[in-house]
Amino acid sequence: MTTIKIWKHFPREDLYECYQCARCTGSCPAMQVAPAIGPRGAILKCLNLGHDEVVEDEKIWLCCTCNVCEDRCPQKIPISDLLVALRNSAARRGNIPSRLGVAIELLAKTGRSMIVHQLDEMRAHHGLAPLPPAPVEEVRKILKKTGLEEVVEI
Amino acid sequence: MKYALFLGCAIPIKYPGFEAATRLVCDRLGIELVDLPFSCCPPPTSMKLVHYDSWLALAARNLCLAEEAGLDLLTLCSGCVNTLKEANLILKQSEAKKRKVNKILEEHHHHFKGTIEVTHILDVLYQDTVVDKMIKEQVREVPLRVGCHYGCHYFRPPKVMYPEELSAAESYVPVKMDHLLSIIGVEPTEFSRKFLCCGSPLGANADQDAGYAITKQKLAYIHERNIQAISVICPSCFEQFDMGQIVLARKNKEKEKIPTFYLTQLVGLALGLTSKEVGLDVHRVKSKKLLESVGIA
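First to last, the protein sequences are chains A and B.
Numbered per our numbering, the first sequence spans residues 1 to 154.
Numbered per our numbering, the second sequence spans residues 155 to 451.
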């Protein structure tokens, strides 16, 4: 599996700005309902264990991506950038939830991230014309060039 | 007033009623919409997490189409606005990223220049000239106690989404939906956790039960304030409340459900459109009785 240099996407020295006040984790909706790592935990683990340890953990995906952690951080650490970089790295190691993998494949195959049967009928019910097909070939070529295949087969 | 309409995926495919309502409302308010061959935005809650470079390149392609048409881009979904606004900002700021993306798009004759802005239907309707027109065109009030739910990605992170609204001391909290709806007779009602996540991305990516647990908490606060209806500006938030209440009712035997409206559906009702015309007939939680109780058929 290929890896990405996650510190290209998030300034590593920012980890040291964190004084573990846990305002982020106290605000985190995912922490309240699931056994998530949480933003404070993710930062601490990156410091103490290294990010390799964190990206192997499937709990990294228990996150709403709501950015409230970053919003409330008194140190203004770009936490959402860190969480995006960590998950990019996780996905390259095959740590990616199956639902999400399927969604990405659908996007690459259809140019859209959603599909329903009888779409034309549904749209006609609301007085709308059929949805023109997405530019699938162009999308697929772009995604091949950007290297999406490092993560999912397209 | 003319925009390139970015429909995204969820609205034209899952909730075409929102699209119908939006097109009718914009037509009535003199906002011209142009359709272009866009793809998925792609979402800040899926592609961006999995493969950042693919996310940025695909977003750049969508931005290029609007640039080529010389139009600002109007989005209807919090996810789409988040991706396209952020990608637009990143590519305008970083010469290196722009160069990299343009090299990929070159083959398809696109070249990102950074000449347009990305906006959301709520911000478009909130403009003075549009509000004036809305007041003129309004035929009835929609006197309901409504909880406005903005969804995270519409405004967060504020440094990307609404940098001009930020003060050094506090973070930005949106108010436009509350203000706009009060013009059409709605009584906007505050509720706890109004500005937190609906639960959708957690459910979609990792754990559906956990996602709905967040929605359940939120609904409890909404009930607590005797809110009669929820207004949203994002199809993911909509699904979480509309379908979510059906799913949660199966588990919890909860009978009372609160209808959810997409913003332009409520505006459409005020402009005299029927509930069928704005697509309310296909919502899982029905609004017929509630609307009839305030004289709207």
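The C-beta atom is built at its ideal place from N, Cα and C for all residues, glycine as well.
Keep in mind the model is a prediction, meaning the values are calculated, not measured.
Residues near residue i in its chain [Cβ-Cβ closer than 8 Å; skip 5 each side]
i	result
residue 36(A)	28, 30, 59, 62, 63
residue 102(A)	none
Neighbour flag for residue i against chain A, beta carbons, 9 Å
i	result
residue 207(B)	yes
residue 261(B)	yes
residue 415(B)	no
residue 231(B)	no
residue 250(B)	no
residue 441(B)	no
residue 197(B)	yes
residue 396(B)	no
residue 419(B)	no
residue 351(B)	yes
residue 258(B)	yes
CB contact check: residue i to chain B, cutoff 9 Å
i	result
residue 42(A)	no
residue 67(A)	yes
residue 48(A)	no
residue 25(A)	no
residue 22(A)	no
residue 7(A)	no
residue 18(A)	no
residue 74(A)	no
residue 139(A)	yes
6 Å CB neighbourhood of residue i in its chain, flanking five on each side removed
i	result
residue 218(B)	264, 266
residue 418(B)	175, 176, 179
Assigned exposure category for residue i - 16 Cβ within 10 Å defines buried
i	result
residue 207(B)	buried
residue 205(B)	buried
residue 117(A)	exposed
residue 21(A)	exposed
residue 326(B)	buried
residue 407(B)	exposed
residue 16(A)	exposed
residue 273(B)	buried
residue 428(B)	exposed
Where residue i sits in the DSSP three-state scheme
i	result
residue 443(B)	helix
residue 14(A)	helix
residue 457(B)	Outside the modelled stretch of chain B, which goes from 155 to 451, sits residue 457(B), for which no answer is possible.
residue 383(B)	strand
residue 272(B)	strand
residue 57(A)	coil
residue 431(B)	coil
residue 286(B)	helix
residue 169(B)	coil
residue 342(B)	strand
residue 183(B)	coil
residue 411(B)	coil
residue 309(B)	helix
residue 65(A)	coil
residue 228(B)	strand
residue 189(B)	strand
residue 22(A)	coil
Spatial neighbours of residue i in its chain, beta-carbon cut-off 7 Å, leaving aside the 5 residues before and after
i	result
residue 55(A)	86, 89, 90, 93, 95
residue 436(B)	171
residue 111(A)	134, 135, 136, 139
residue 119(A)	131
residue 173(B)	161, 165, 166
(request) Please determine if the region 6–18 of chain A and the region 75–94 of chain A are in contact, where contact requires at least 3 C-beta pairs separated by less than 8 Å. (result) Remark: three or more beta-carbon pairs, one from each stretch, lie closer than 8 Å, so the region 6–18 of chain A and the region 75–94 of chain A are flagged as touching.
(request) Taking only beta carbons into account, state which residues of the region 166–182 of chain B come closer than 7 Å to chain E, listed in chain order. (result) This model lacks chain E altogether, as its protein chains are A and B.
(request) Decide if the region 387–406 of chain B is in contact with the region 229–239 of chain B; the criterion is three or more beta carbon pairs, one per stretch, under 8 Å apart. (result) The count of Cβ pairs closer than 8 Å, one atom from the region 387–406 of chain B and one from the region 229–239 of chain B, reaches three, so the stretches are in contact.
(message) Any contact between the region 348–361 of chain B and the region 391–404 of chain B? By contact I mean 3 or more CB pairs, one from each, below 8 Å.
(response) In short, these stretches touch, since the Cβ pair count reaches three.
(message) Taking 8 Å as the cut-off, does the region 238–246 of chain B touch the region 311–318 of chain B (at least 3 CB pairs, one atom from each stretch)?
(response) yes
(request) Pair every Cβ in the region 336–343 of chain B with every Cβ in the region 299–311 of chain B, then say whether three or more of these pairs are closer than 8 Å. (result) At 8 Å Cβ cutoff, the stretches touch.
(message) So, does the region 11–20 of chain A touch the region 88–101 of chain A, judging by three or more C-beta pairs under 8 Å?
(response) no
(message) Below 8 Å, how does it come out for the region 280–296 of chain B and the region 363–379 of chain B: are there three or more Cβ pairs, yes or no?
(response) no
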